[in-house]
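Enquirer:
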Amino acid sequence: MAAPCFLIGGAVIAIPFLLNSVLSRSRGPARTIRIPISKERVVIIGASSGIGSELARIYAQRNAHVVVVARRLQLLEDLVQELSSVAGSIHAVQGDITSPEDVRRITIESLKALQGGVDTLIICAGIISVLPFEELAGIDSAKNETASVNPGSDLDFSHLMPTNPQAALEASVRIMNVNYHAPLNLTTHFLPALTRTSTAGNIIVVSSMAGKLGAPTRSIYCASKHAAQGFFDALGMEVERTGVHVGIISPGTVETDLRQSAVDLPKTGADGLEPKKVAGTKKGAMTAKACAEGITDGDMSANPLSAKLTKLLSSSLDDPKLRTSLTALSEFYSVNAVNARHNLRGDIERRATNVNYEFLQELEKVNVQFLELEAEMNSMNSLCQEMQDRLNLANDKTVTLLEQTDALREQSKICQVRQTILEAFLDRFTLSESEITILCSTAMEVTPVFFDALEHLENIHADCNALLITEHQRAGLEIMDSMTNYRNISYEKLYRWMQSECRTMSRPDGMMEVREVTKKAIQALKQNDQHFRAILEELVHVRRNAVLRAFIEALTRGGPGGTPRPIELHAHDPLRYIGDMLAWLHQTVASEREFLESLLNSEKRNRDRGQAEIKLPKASPLRLIENDISDAEILDSLLDKNLEGTSRPLKSRVEQVLVSQANAITAFKISNLIKFYSSTIEKAIGSEASLSKTLHEISDSSMQVFYEAIGKQSADLLRRPDAPGADLGPTLSVKETVSQLKEIMKSFDTSFVQADEGNQDFAPILGAIIDPLFQMCEIAVANQSAFNRAIFMMNCLHYVQSALVYPFTTHKVEDLEKQIQGYVEIVVDEQHMVLLKQSGIAPLIQAMETKDDKTPLSQVPNMDGTSIITVLSRLDHFLGSVNLDLTAWLSKIVSSRLAKNISTQNVKMFVDAYRRLCNAIEDPKNKYEFPATILVRTADEVEMLLVED
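Our numbering numbers the first residue of the sequence shown as 1 and each following residue consecutively.
Next comes the structure, spelled out in structure tokens:
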């Protein structure tokens, strides 16, 4: 029997297959924990025929509980009838496993049949393809000669296109759905039950050798089986921790009707019923029963040929050694003949003998060459030995000279080291003549070279501490005394020079350019507390006078050449006058800070008042003060003192403006303006600065003036309240006050105050303005009726409320809304009583509500049926005119929303009262005869008429 051959790496390898009963397993069907067969719950997919039906028979004969699933219901029912007498229990579930809905139903019905659990899921369903891929897709692979075509002409490539590509695609989709997607979906649905309801869950997938090897006419089928093989291999690793075992069975040819159900099975003949011969063979195929027994017994691995085949198939074809061996083997034969296969071992041995003989011949040539090389090496060795003897003789003669040379070389090294140490000591612990002259001579200007020399001096002074802890203490003390003397002279010179520099810093605008040498001088003087403090005092004196002089000139003389004009020219305009002064101060604060930052050579800080400490040299023996004052503190202190002189003229001028100011709006705007500049300037100079405190004081003064003006205005309103007009709308005083309030709110809205802070800050202002206004309104309508008082107060409250449109007035808007609703209730109650009287049912309602519980309503005076009919006979006339009356009464309410709300409440209250009357008349306890004849209108009809109108 011919064995199938596979071409690997150019070599033809003959692999004998025993086709009658070989099963290859990548994951065996056996599981580590066994469940008694009689208690095992098994679901078999594809059980209507073939391996599936044989598995059902085996499990049934072992008294297991079985659910069989397939598309063909009749075959399932026959199988159930056959096995019902021997199985523990057996149920049939019909369904299409490619349908997601059927898979869900199959899962539910199977679990229901097995009483909520499952131990083993066996998937046997599958379909196959039998045509070569080229034939299925209509691909003509014949190499036909084609006529030459002009490249510029229209080309027709239809002869190069497949004639039936859709058939190949459809066959692939169907096969993948059944062989891969359906098992995946079934596993998805049954896996939770296998995990949770079984102590040893088991998934057995009946695959094929096509899942491991390709075969002609099986391209699409092999692809689906490879996909299933890969998925279940990986799934077995994933679910192993849960106790669920996944087994994949890959049999060879099995006698089933699978190939006769091929999706691409070709038909011939006019009736299309005669199939062509299907590719493949059943020669040597195992029976479905034998395959099923092998699956259930789990002993297929006992077959030695199967084990050998499994080992061979599991070998990696990517092994470089195997590929090299196969490549060499492919050179032995050009054809795969029987004699060649039989004589393979002898040919390999003869080839190995020939190769070894050739190797020995070549090795003999190499041996001769090595002998020649050995003779040459011996000759070279003799010459080298002769040269070594001559060198030894020369060394013996010159040994004394070499010893003297080495001694002199060592002495030279010692002298060089001493010279280097001496030079380093002098460089580190002494000043040069030029450095002494630069530091001590008053005739020489302070330049950057001065600071280099001063830094050298400081380093020497600090390094002397190292000498004091060694045996050279005397040298250290003498050097330190000398350096201290030079140091004092240097700092005195630097202090005198810096004094003269400070006198040049008197420009009023503070925008002088600070020289780099001046910055270095300031940094150097920080090492000497006494001189540094004196320089700062000198600087403060100069800059304070300069800033004050500049402020006075800006107020009285203006800028150079009269531009900008003097600030006091605008004294008649309080807002501009105060705003210009504060703007000038704000600009001066910024320029003065920039000047001081440049002078102190400190990094510019964020305006959040971040602190950064000055890093003084480690070598410095002195500090500014004991606790290391920070650069930021020095700058803030200087800035505060430099601007201190502007506080008095600013405060006196603002107070003069406020004294002459009687307008509340202007006073409030001034207060807002001062608060804005106060917060801005405070961020730059700090809250403890003299100028910051002054700004807070004048801000408080301006608010005090504002409240005094508001208080005076409120007192005038209360003394002479405006009487409301006939329309009960807001009076002129209310409108003027609200207009003033709008101006104040508009000004406050531009003050950069957050909404939450605004609610708190603006609440006292609203109270000071609005509360007296409403007191005046209440006094003005004290003699009016309750109805008119309520409408007038509603109109005034609504008018004020509509003006409060800013976020910081939300709390007051809510308070006003509560007051408005209180007056709405008064108007509703008043109108309700009027409506009851006009409709005539007021006495009826009163009698109904005041009678005792024991007396029937019909026996109450004037409540008999005739009296009620007489009263209700006028109801239609009332209903026809009531809405007009309501409109007339509510026409004085300014807000249409409030008017509509009141009207709606009146209608509802009237309908409720009439409904109570109707219910009382219809109540048998009140003993009215024929109540339907008494009631002219039902409550629903009355409600409909009022609502429609």
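Ideal Cβ placement from N, Cα and C applies to all residues, glycine included. Note that the structure is a prediction, hence the values are computed from the model and not measured.
1. Along the chain, where does the beta strand (DSSP E) containing residue 251 start, and where does it finish?
2. Look at the Cβ atom of residue 451, then the Cβ atom of residue 524, and state whether they are nearer than 9 Å.
3. Could you check whether residue 803 and residue 738 sit closer than 9 Å to each other, using their CB atoms as the reference points?
4. Which of the three DSSP states is assigned to residue 123 in this structure?
5. Taking the Cβ atom as the reference point for each residue, do residue 456 and residue 435 lie within a distance shorter than 9 Å?
6. Of all the options 909, 868, 908, 892, which has the alpha carbon lying nearest to the alpha carbon of residue 921?
7. Leaving out five residues before and five after residue 495 in sequence, what residues of the same chain have Cβ atoms less than 6 Å from its Cβ?
8. What's the gap between the Cα of residue 395 and the Cα of residue 468?
9. By the three-class DSSP mapping on this structure, what secondary structure does residue 237 have?
10. Given this structure, state the Cα-to-Cα distance separating residue 244 from residue 291, to the nearest angstrom.
11. Could you check if residue 809 is buried or exposed, using at least 16 other CB atoms within 10 Å of its CB as the buried criterion?
12. Would you say the region 67-84 touches the region 160-168, given that touching needs at least three Cβ pairs under 8 Å?
13. Strictly by DSSP, which residues pair up with residue 696?
14. Please report the straight-line C-alpha distance between residue 944 and residue 890, rounded to a whole angstrom.
15. Can you say whether residue 169 is buried or exposed, counting buried as having 16 or more other CB atoms within 10 angstroms of its CB?
16. Extract the residue ranges of the beta strand (DSSP E) inside the region 205-237, only unbroken runs of 3 or more that lie entirely within it.
17. Once the 5 residues before and after residue 950 are set aside, which same chain residues still bring their CB inside 8 Å of it?
18. Nearest by alpha-carbon distance to residue 537: which of 640, 486, 601 is it?
19. Apply the 10 Å Cβ neighbour rule to residue 638 and answer buried if 16 or more other Cβ atoms are within range, or exposed otherwise.
20. How long is the line joining the alpha carbons of residue 754 and residue 746, rounded to whole angstroms?
21. With DSSP as the reference, identify every bridge partner of residue 255, one or two as the case may be.
22. Out of curiosity, what's the CA-to-CA distance linking residue 693 and residue 807?
23. Is the number of C-beta pairs between the region 725-735 and the region 665-682 that are closer than 8 Å three or more?
24. Spell out the partners DSSP gives residue 35 in its beta bridges.
25. Alpha carbon to alpha carbon, how far is residue 687 from residue 897?
26. Sort 167, 65, 133 by Cα distance to residue 117 and report the nearest one.
27. To the nearest angstrom, how far is it from the Cα of residue 250 to the Cα of residue 356?
28. Out of curiosity, what's the CA-to-CA distance linking residue 366 and residue 358?
29. Sort out for me which residues DSSP pairs residue 89 with in a bridge.
30. For the putative contact between residue 193 and residue 111, defined by C-beta atoms under 8 Å, what is the C-beta separation to the nearest angstrom?
31. Just verifying my parser: in three-state terms, what is the DSSP assignment at residue 860?
32. Nearest to residue 498 by CA position, among 490, 518, 484, is which residue?
33. Compute the distance between the beta-carbons of residue 664 and residue 775, then report whether it is under 9 Å.
34. Could you check whether residue 205 and residue 178 sit closer than 9 Å to each other, using their CB atoms as the reference points?
35. So what's residue 611 in DSSP terms, helix, strand or just coil?
36. Would you mind working out which of 828, 743, 45, 430 sits nearest residue 93, comparing C-alpha positions?
Expert: Answer, in terms of the structure:
1. For residue 251, the enclosing beta strand (DSSP E) starts and ends at 245-251.
2. Result yes, Cβ atoms of residue 451 and residue 524 sit closer than 9 Å.
3. For residue 738 and residue 803, yes; Cβs fall inside 9 Å.
4. DSSP places residue 123 in strand when its eight states are reduced to three.
5. Yes.
6. Per the Cα distances, 868.
7. Answer for residue 495: 531, listed in chain order.
8. If you take the alpha carbons of residue 395 and residue 468, they lie about 53 Å apart.
9. Note: residue 237 maps to helix in three-state DSSP.
10. Each residue's CA atom was taken as its position, placing residue 244 and residue 291 some 23 Å apart.
11. Its Cβ being crowded by 16 or more others within 10 Å, residue 809 is buried.
12. In short, these stretches do not touch, since the Cβ pair count stays below three.
13. None; residue 696 has no bridge partner.
14. Rounded to the nearest angstrom, the two C-alpha atoms are 21 Å apart.
15. That one is exposed.
16. Inside the region 205-237, DSSP marks no whole beta strand (DSSP E) run of 3 or more residues.
17. Residue 950 lies beyond the residue range present for the chain, which begins at 1 and ends at 949; the question has no answer from this structure.
18. Just measuring C-alpha positions, the residue of 640, 486, 601 sitting nearest residue 537 is 640.
19. Flag for residue 638 reads buried.
20. Per-residue confidence for residue 754 stands at a pLDDT of 48, beneath the threshold of 50, marking its modelled position as unreliable; the derived number appears in the next sentence. Answer to the nearest angstrom: the Cα atoms are 14 Å apart.
21. Answer is 287.
22. Taking the straight line from one Cα to the other gives about 30 Å.
23. The region 725-735 is not in contact with the region 665-682.
24. In the DSSP assignment, residue 35 is bridged to no other residue.
25. Between the C-alpha atoms of residue 687 and residue 897 there is a straight-line separation of about 50 Å.
26. Considering only alpha carbons, the answer is 65.
27. The alpha-carbon atoms of residue 250 and residue 356 are separated by roughly 45 Å.
28. A straight-line Cα-Cα distance of about 13 Å links residue 366 and residue 358.
29. DSSP, once it has assigned bridges, lists 65 as partnering residue 89.
30. Residue 193 to residue 111, Cβ: 6 Å. Contact.
31. Coil at residue 860, not helix or strand.
32. Measuring from the Cα of residue 498, the nearest candidate turns out to be 518.
33. Contact check for residue 664 against residue 775 fails: the beta carbons are separated by 9 Å or more.
34. In this structure, residue 205 does not lie closer than 9 Å to residue 178 by Cβ.
35. Confidence at residue 611 is low in this model, with a pLDDT of 38, below 50, so the placement of that residue is unreliable and no value is reported for it.
36. Cα-wise, what sits closest to residue 93 is 45.
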